[in-house]
Amino acid sequence: MTTLREVQLQLLILNHHLIFVAMNTSEEITILKDAIIKYGSVNSEGKHSVAYGTLFDKTANTLEALNGTLRAAKRQKKVAFDAELLMMPKDKDVQVVLLED
1 MTTLREVQLQ
11 LLILNHHLIF
21 VAMNTSEEIT
31 ILKDAIIKYG
41 SVNSEGKHSV
51 AYGTLFDKTA
61 NTLEALNGTL
71 RAAKRQKKVA
81 FDAELLMMPK
91 DKDVQVVLLE
101 D
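For the sequence shown, full-length UniProt numbering gives the first residue as 1, with consecutive numbering after it.
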């Protein structure tokens with residue numbers, strides 16, 4: 001049977017893991033935003049935008065999980081794109097728009 005102390009220790013470890021994941025996601029979103037600005041252009045609405053294919057190619061060595069980072073950034077309303085999940089090569093021309101700098 002699991003003791004209260006063991007449960008508390010497991011919760012503490014889980015809490016530290018969640019903090020690490022949140023910090024890591026924040027850093028990856030910053031890398032994503034920088035890549036959109038660097039490799040994209042300003043669209044007709046004055047927002048930075050880049051094709052998913054370009055983003056995929058240019059961030060292959062810096063973002064391990066581009067789709068996960070994109071989904072997290074979309075949930076946080078930092079980027080927008082017209083798909084639930086972007087896949088190469090099918091969605092290579094879909095624009096990823098930076099909503100905030």
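All C-beta atoms, glycine included, are put in the ideal place defined by N, C-alpha and C.
Does DSSP classify residue i as helix, strand or coil?
| i | result |
| --- | --- |
| Leu98 | strand |
| Ala73 | helix |
| Ser41 | strand |
| Ala35 | helix |
At the level of alpha carbons, what is the spacing between residue i and residue j?
| i | j | result |
| --- | --- | --- |
| Glu84 | Thr59 | 20 Å |
| Phe20 | Ile13 | Note that Phe20 has pLDDT 49, beneath the 50 cutoff, so the model's placement of it is unreliable and the number below is only indicative. One C-alpha to the other measures close to 11 Å. |
| Gln8 | Pro89 | 46 Å |
| Ala73 | Asp57 | 19 Å |
| Ser26 | Lys33 | 11 Å |
Beta-carbon separation of residue i and residue j under 8 Å?
| i | j | result |
| --- | --- | --- |
| Ala51 | Gln95 | yes |
| Glu45 | Lys78 | no |
| Glu28 | Thr69 | yes |
| Leu55 | Asn67 | no |
| Leu63 | Ile31 | yes |
Under 6 Å Cβ to Cβ from residue i, same chain only, skipping five residues before and after it: list those, please.
| i | result |
| --- | --- |
| Ser49 | Gly40, Asn43, Gln95, Val97 |
Ignore the nearest five residues each way along the sequence and tell me which others in residue i's own chain have a CB closer than 7 Å to its CB.
| i | result |
| --- | --- |
| Asp91 | Tyr52, Ala83 |
Could you pull out every residue in the same chain whose Cβ sits closer than 8 Å to the Cβ of residue i, ignoring the five residues on either side in sequence?
| i | result |
| --- | --- |
| Ala80 | Lys74, Val96, Val97, Leu99 |
| Asp93 | Ala51, Tyr52, Gly53 |
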